[in-house]
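Structure, as structure tokens:
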Amino acid sequence: MHLLGPDDSWNLFYQKAFAEKGFPIEFEDVGKDVAKNCKGLPLMIVVVAKFLSSKRTLEEWRKVAESLSSLADVDAYQQCSEVLALSYNHLPSYLKGCFLYFGLFPKASKISMEKLNRLWIAEGLLKVKGLEGLEEVAASHLNYLIDKSLVIVSKRSMDGKIIRCMIHDLVHDFCLKEADRQNLLYFVNTDIDGPLWFIPEGCRWMSLQLRRFYLHRPFPHFAYSKLRSFSVNCKKIILNRCYFKLLRVLDMEKRKILHFPIAILELVLLRYLALRIRKPGKLPISKLLNLQTLVVRPIHTGIWGMYSLPNGIWKLSQLRHLHCWCMYLDSPQLASQNEVKNSILENLQTVYGLRPSCCTKEIFEGIKKVKKLEIVGEAQEFNSETGWHNNLKYLEELEALKVTVSLYYGFDYPPCLINPSPGSFPPYLKKLTLSRTCLPWNYTNIFSKLPNLEVLELKNGAFSGNEWEITEMGFPKLKFLLLEDLLLIYWTATDDCFQCLERVYIRECRYLQEIPEGFADSVTLQLIELHKCCHPLVTFAKQIQEKHEELGNNMLKVYAFDSMNL
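Using the UniProt record's numbering, the first residue of the sequence shown is number 1, and each one after it goes up by one.
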């Protein structure tokens, strides 16, 4: 961003510090001095404003104003660093580690909120009270840092939840320096020279970001004595033996490897493990009894085989998140025959990549607490004989379901082999995502009867055919609807089908020219967003917006990006 002038500086400061805070008028005079001393630097303005918004005495405000005034002769970088130090020093002690942990990621990274939260949990950085869930506490910690303008939200889901976040480059520099000062983090990238074996002894976190370089030699043993988190992104690294016995986090998600490294089994305290493995096969993780998160991604997402998890997975009682493309699980009954006593993963919350053949009653009863589930497989695996959809009812706490038909590259969409029934889905399901399932459009009548469905995402040929006619009342609680890459031409619905709909996203539906006219009478609709759609559809949506405005309703907004001619 460019430097702000005096008026814009004050407006930004006022918005962040005063809006709806109820400060007495005398605070404004001090605030104007603070805004002026920020010298038009947007980052500095928002950080100091958010810091002061929590201070309720005039004396505290004046001290900050004096501190900024004393920095008048230093350069902008140093000024921002001092302001960040001020905000950091006033963070609660349990949040300082969470904040500095951002230093493990490369500069300008857009970080998955789910991944960040799971890393914090694995590192033991959270302050948990009573019966609070770990993921909920992690989310509240992140929201606190966002509220202080130390972390930026870079992407939200349709329903407003944070998907990715990032930090400003200057904030990243501060994290690196402060973490280095405390001997917490050793960060290596292509801009840093020097031999890698000079790792500070006692360092807790290490991040290797060497995408274009090979790491040919192992590290000395002493360097790993207190290492807890190890993030790797380089072409080659020797992992024949693991000396860092206290490691809790091993993140090799960006590093392509051929097979599962057996040396990892020595890390018995490991809580978070992320790998990218070229060749599918067995994942011998039974000895990692403290594992909370397992992420195994393929080089490509086509079906080239499957990852098989051992019977021993049913004794990993701490497991919370299991993400593995096209994964195969044995039944817990079979596991019991092999002397695995625990057959229910009570803490498991998310499972991504489960094959349809594993969607049995026995397996679902073994993961009955799961809240998010993705089922992935080839088209023929979804045939009704497997009964996968009839077993979903055993997941009574399931809130989000994604069904993806995976294809070899270059293949056309397969014929529909999925035959869901009205009673197939759990009653508390809030989010449903379908991709390449090629269902007939009349099957939407089944989904419209889900009593708690709030988010519906239809992607990449989820439905076949060019006409979607909704003839029955339904979707009683649907708030967010996404249509993406569909061959849809005609879409009609009665006025009362979407009584709670707030946002509609349409992406790459090139042939769709109109949306239901009933949207013009909606009292809840707030947003229609179009990406790579044809001009007639954009015009039609704008006309619906104009009708809303004629009725005195200015709530509905229509945005169009990269519109196309037919």
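Glycine included, every Cβ here is placed at the ideal spot set by N, Cα and C.
Inter-residue spacing [alpha-carbon to alpha-carbon] between residue i and residue j
i	j	result
Ala-560	Leu-512	14 Å
Thr-444	Glu-178	54 Å
Asp-521	Phe-498	11 Å
Met-564	Leu-525	25 Å
Ser-154	Ser-448	32 Å
Arg-436	Lys-279	25 Å
Glu-266	Asn-311	19 Å
Ala-263	Lys-287	12 Å
Phe-382	Leu-401	15 Å
Met-555	Leu-483	22 Å
His-531	Glu-508	6 Å
Phe-187	Glu-514	53 Å
Ala-274	Phe-519	44 Å
Met-166	Val-47	15 Å
Arg-56	Leu-95	21 Å
Asn-143	Arg-181	26 Å
Asn-183	Pro-200	7 Å
Ala-17	Lys-50	6 Å
Ile-257	Asp-251	13 Å
Cys-500	Leu-487	26 Å
Gly-103	Leu-185	8 Å
Gly-130	Val-137	11 Å
Tyr-272	Ala-462	33 Å
Glu-132	Thr-293	19 Å
Arg-355	Ser-406	11 Å
Residue i in three-state terms, based on DSSP
i	result
Arg-118	helix
Gly-552	coil
Val-34	helix
Gln-78	helix
Asp-251	strand
Asn-233	strand
Asn-189	strand
Pro-298	strand
Ile-367	coil
Arg-507	strand
His-535	helix
Ala-19	coil
Trp-325	strand
Trp-205	strand
Lys-287	coil
Ile-344	coil
Gly-518	helix
Ile-544	helix
Gly-281	coil
Phe-561	strand
Gly-312	helix
Arg-276	strand
Phe-475	coil
Glu-502	coil
Leu-68	helix
Val-47	helix
Close beta carbons around residue i, own chain, < 6 Å, minus the five adjacent residues each side
i	result
Glu-467	Tyr-490
Ile-558	The residue you asked about is not Ile; residue 558 is Val in the sequence shown. Taken in chain order, the residues that qualify are Ile-528, Ala-541, Lys-542 and Gln-545.
Glu-469	Thr-492
Tyr-307	Pro-280, Leu-283, Val-296, Cys-324 and Met-327
Leu-12	Ile-45
Asp-193	Low confidence applies to Asp-193: its pLDDT is 46, below 50, so where it sits in the model is not reliable, and the reading given next is rough at best. Cβ neighbours of Asp-193 beyond the five flanking positions: none.
Gln-209	Pro-106, Asn-189 and Asn-233
Cβ neighbours of residue i in the same chain (closer than 8 Å, five flanking residues each side left out)
i	result
Glu-399	Lys-371, Lys-372, Tyr-428, Leu-429, Lys-430 and Lys-431
Asn-37	Ala-65, Leu-68, Ser-69, Leu-71 and Ala-72
Leu-348	Leu-319, Arg-320, His-321, Leu-322, Ile-367, Lys-369 and Val-370
Lys-393	Gly-423, Ser-424, Phe-425 and Pro-426
Glu-26	Leu-58
Glu-362	Ser-331, Pro-332 and Gln-333
Glu-502	Lys-479, Phe-480, Thr-524, Leu-525, Gln-526 and Leu-527
Arg-62	Val-30
Leu-52	Ala-17, Gly-31, Val-34, Glu-60, Trp-61 and Val-64
Same chain, Cβ closer than 7 Å to residue i, neighbours up to 5 away in sequence not counted
i	result
Ser-157	Ile-163
Ala-139	Asn-117
C-beta neighbour in chain B for residue i, strict 8 Å
i	result
Lys-50	The structure shown contains no chain B; it holds only a single protein chain.
Go through the region 415-469 residue by residue and report every complete run of the beta strand (DSSP E) that reaches 3 residues or more, in order. 431-435 and 455-459
Specify whether the region 110-121 and the region 78-90 touch according to this definition: at least 3 beta carbon pairs, one from each stretch, less than 8 Å apart. no
Should the region 324-332 be regarded as contacting the region 350-369, the criterion being three or more beta carbon pairs within less than 8 Å? yes
Suppose only complete runs of 3+ residues qualify. What are the beta strand (DSSP E) ranges in the UniProt domain "Disease resistance protein winged helix" (104-174), listed by chain order? 152-156 and 162-166
Would you call the region 162-178 and the region 469-479 touching, i.e. three or more CB-CB distances under 8 Å? no
Where are the beta strand (DSSP E) runs, 3 residues long or more, that stay fully inside the region 376-401, in chain order? none
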